[in-house]
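Everything in the sequence shown is counted per UniProt numbering, starting at 1 for the first residue and increasing by one. Beta carbons are placed, not taken as given, at the ideal position from N, Cα and C, and that holds for glycine. Since the model is a prediction, treat every value here as computed from it, not as a measurement.
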Amino acid sequence: MNPRPPPPNAGSTSIGQLLRRAFGGVVALVFLMGVAGLVTTVPPFVAINAPLNDLLRTRSSSAIVRTLLFDGQQGLNGYLLTGQDTERTSYLMARRDYPAAEARLRDVTIDDTYALVETLTTEATRWWALADQQIDSMPSTRPSTAEIAREREQFARVESAYRALDLRLLQKISEINRINNVLTAVVLAVLAITTALAGWFAIRIGNSATRRITRPLGQVLEAVARLGRGEREVRVTLGGAPTEIEEVAAAVNTAAVEGDRERRTFDAFQEHSAAVRHHLSRGEAVAAAAQVLGDLLGADHVVIRLPPDPDGEPEPEIWSGAGATGDPTPLACAPVDWDASQPGKAVVRDVRQAPPGPMTDALHAAAARRVIEVTFGEGGTATGQLTVVRQRGRGAWRPYEVHLAGVFAADLARILTHAKLFERAHELLARMREVDATKMELLRTVSHELRTPLTSVAGYLEVLIDREAGPLNAAQERMLGVIDQNVVRLRRLIEDLLMVSRIEAGRLALSHDLLDLSALVRTACTEIQPAAHKAGVAVTCDVDEPMTIRGDREHLDRVLLQVLANAVKFTGSGGTVTLAARISGPNAVLVVRDTGIGIPAADLPHLFTRFFRATNAVRQAIPGTGLGLTIVSTVVEQHGGTVTIDSEEGVGTTATIVLPIAGPADDDATPAHRTDMHEYSSA
1 MNPRPPPPNA GSTSIGQLLR RAFGGVVALV FLMGVAGLVT TVPPFVAINA
51 PLNDLLRTRS SSAIVRTLLF DGQQGLNGYL LTGQDTERTS YLMARRDYPA
101 AEARLRDVTI DDTYALVETL TTEATRWWAL ADQQIDSMPS TRPSTAEIAR
151 EREQFARVES AYRALDLRLL QKISEINRIN NVLTAVVLAV LAITTALAGW
201 FAIRIGNSAT RRITRPLGQV LEAVARLGRG EREVRVTLGG APTEIEEVAA
251 AVNTAAVEGD RERRTFDAFQ EHSAAVRHHL SRGEAVAAAA QVLGDLLGAD
301 HVVIRLPPDP DGEPEPEIWS GAGATGDPTP LACAPVDWDA SQPGKAVVRD
351 VRQAPPGPMT DALHAAAARR VIEVTFGEGG TATGQLTVVR QRGRGAWRPY
401 EVHLAGVFAA DLARILTHAK LFERAHELLA RMREVDATKM ELLRTVSHEL
451 RTPLTSVAGY LEVLIDREAG PLNAAQERML GVIDQNVVRL RRLIEDLLMV
501 SRIEAGRLAL SHDLLDLSAL VRTACTEIQP AAHKAGVAVT CDVDEPMTIR
551 GDREHLDRVL LQVLANAVKF TGSGGTVTLA ARISGPNAVL VVRDTGIGIP
601 AADLPHLFTR FFRATNAVRQ AIPGTGLGLT IVSTVVEQHG GTVTIDSEEG
651 VGTTATIVLP IAGPADDDAT PAHRTDMHEY SSA
């Protein structure tokens, strides 16, 4: 099909002319029918409405009179029965309001019911007189039975008069409603006839217009629907259609062609934009972005400028298409006020209308005619400026091309931000690794250097304590005992530091011997007893038999002593520490429970972090390095087990260690295999 329909005939009629003629007649008919309906129906309705309103007002007023009479009788009867003042007050309030209600009833009464109203008011006046006599005689003299009977007979006559009045009012209202129903039926008939005539005339117009409007318009709609379903090659061809429909068909064809071009451009944009995102270097990302945008938009020049950063001022990126004239270098070097620049939408500039200045001169040097400019960035801060040049003799920028440039610039801002963060992250990671390596090397060096003098101190201290250098008095023995304790603490600290350094370096060596875990637990309980006795803490041990595991005796012994030592250290005098070892399925479960100071809930997630100490331990100045649980968790994990800590501050702490039990295959393994050594990485 042709992309555009043939031009409309010179003598063709427009849709506007057809519709003006047809609907002009319809409007005239509707107007005439409406006027006729109003003339024939409004006066009768007005004539009926006035007497109906009078009757309704009369009935409403009579109802008020009856209500006051009923309230008065209720108050009178209640007062006669109970003698309470509240009942008398109710009667008096009704008696007070009645004259105004009676006057209102007389004012709204129509001629046909005047006699009945007079009868009602006369009987009511007589009843009020009898009721007043009874009210006035109370409470000194109660009315006789005969007086009460006369009062009630009179009230019955009042009710009879009211019913007669109300019945007459209802009869007259019914008569008016019947007349109103007849008039309504007439009005509906007139409206039905008017509507039928207007509908018949509209159908004739519709049938006439269908041949000139509906058929070609249906062709256009079908083409639009097919285009909407993705049939991109569909075009509309018409002949003899109204002028507007032919113009719509031409617009549909033009939109289809532009839509194809736009879809192809955006498909290519998605593909190339994804490729640009893969660049983690800002320079590579900017170069790829300039080339992609230039190819997609068919530009002659693309210039991308970035603001200065702490590393210096980045070089602008320049891309020029094949056959492009002019020099975009002055445009790339033009000054930009980055402090005043704000990210925004893409804007189009016509160089012919640009004011004189360095930027306009730079655009002329690039032979620019129409330019798309975008300042892009994130968070309100400009991170770059994009300029796309189309030279003289080229078409104007299409709206979707301007939109695409804005979208691409925003995408480029995110890409540059991510690339910058990636570069900084790599730099930071490299520095952190360097610092960590230096720290661990320093830790290993200091620990090794401290061992040599500490060994010498421990040796001479042992000579002194054994009195090989001569006798000691009591004071000297106490001093040497304190020195010995601190030497032991210092040796443990050095061993912990060396252990952590081996863990961090991935050089923690573990053997895989078959071990009796029960014996290890008993040994640890025995070794901790002196420290527990000194601290006034009772330590109990409950162990199942047997529990065979595969692991490193030295390191597991260190784990058990560390957990028990922590429990004793953080339990005050008079407290208890219990160690229970049980077999649970394929695992051995060790539970160490104490009644110590506990651990704050906020500190529990950080317990296995090296050098971390609970806040309450720091406040109470309890000595420690914060390395023990780090070593414990690492050794247990390297044995295929787990460590969990449950604690409540002020109540106590429970440490649970789970280790896999050796199976039959482990028992059959050769001794060489069981004593094989491996190095595990803490990563």
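| query | result |
| --- | --- |
| Whole-number beta carbon distance between residue 655 and residue 643, since they are thought to touch under 8 Å | 7 Å |
| Same chain, Cβ closer than 7 Å to residue 641, neighbours up to 5 away in sequence not counted | 657, 658, 659 and 660 |
| Residue 631 to residue 500 span [Cα, whole Å] | 7 Å |
| Under the three-state DSSP convention, the category residue 376 falls into | strand |
| Beta carbon of residue 292 nearer than 8 Å to that of residue 304 | no |
| Residues near residue 570 in its chain [Cβ-Cβ closer than 6 Å; skip 5 each side] | 596 and 597 |
| CA-to-CA distance, residue 477 to residue 538, given in whole angstroms | 28 Å |
| Secondary structure of residue 314, DSSP reduced to three states | coil |
| Simplified DSSP assignment, three categories, for residue 652 | strand |
| Option in 385, 419, 430 and 395 with minimal Cα separation from residue 408 | 385 |
| Given residue 256 as reference, the closest of 230, 127 and 245 once Cα atoms are compared | 230 |
| Alpha helix (DSSP H) segment containing residue 513, residue limits | Here residue 513 belongs to no alpha helix (DSSP H); instead the beta strand (DSSP E) covers 513-516. |
| Outcome for residue 62 when other beta-carbon atoms lying within 10 angstroms are tallied against a minimum of 16 | buried |
| Beta-carbon contacts of residue 123 that lie in its chain and below 6 Å, excluding the five residues immediately before and after | 157, 158 and 161 |
| Secondary structure of residue 697, DSSP reduced to three states | Look at the range of the chain in this structure, 1 to 683, and you will see that residue 697 is not part of it. |
| Contact under 8 Å by Cβ, residue 346 with residue 372 | yes |
| Inter-residue spacing [alpha-carbon to alpha-carbon] between residue 600 and residue 648 | 7 Å |
| Check whether residue 151 and residue 164 have beta carbons under 8 Å apart | no |
| Residue 575, DSSP secondary structure in three states | coil |
| Cross-strand partners of residue 583 (DSSP beta bridge) | 588 |
| Of the listed residues 284, 297 and 323, nearest to residue 314 (C-alpha basis) | 284 |
| CB of residue 518 within 8 Å of CB of residue 419, strictly | no |
| CB contact flag (residue 219, residue 234, <8 Å) | no |
| At least 3 beta-carbon pairs within less than 8 Å: the segment 71-88 vs the segment 138-154 | yes |
| Which listed residue (57, 127 and 639) has its alpha carbon closest to that of residue 723 | Because residue 723 is not part of the residues shown, which for the chain are 1 to 683, the question remains open. |
| Beta-carbon proximity check, residue 564 vs residue 622, cutoff 8 Å | no |
| Distance between residue 330 and residue 323 (C-alpha atoms, nearest Å) | 19 Å |
| Close beta carbons around residue 575, own chain, < 7 Å, minus the five adjacent residues each side | 537, 594, 595 and 596 |
| Own chain partners of residue 71 with C-beta closer than 6 Å, once the 5 adjacent residues on each side are dropped | 94 |
| Span separating the alpha-carbon of residue 553 from that of residue 472 | 39 Å |
| Under the three-state DSSP convention, the category residue 309 falls into | strand |
| Unbroken stretches of the alpha helix (DSSP H), 4 residues or longer, contained in the segment 506-563 | 517-535 |
| With 16 other Cβ atoms within 10 Å as the buried cut-off, status of residue 91 | buried |
| Segments of 4+ residues assigned as alpha helix (DSSP H) that fall wholly inside the segment 284-367 | 329-333 and 358-365 |
| Endpoints, the alpha helix (DSSP H) within which residue 117 is located | 114-137 |
| Whole-Å CB distance - residue 579 paired with residue 651, under 8 Å assumed | Incorrect: roughly 18 Å between the Cβ atoms, too far for contact. |
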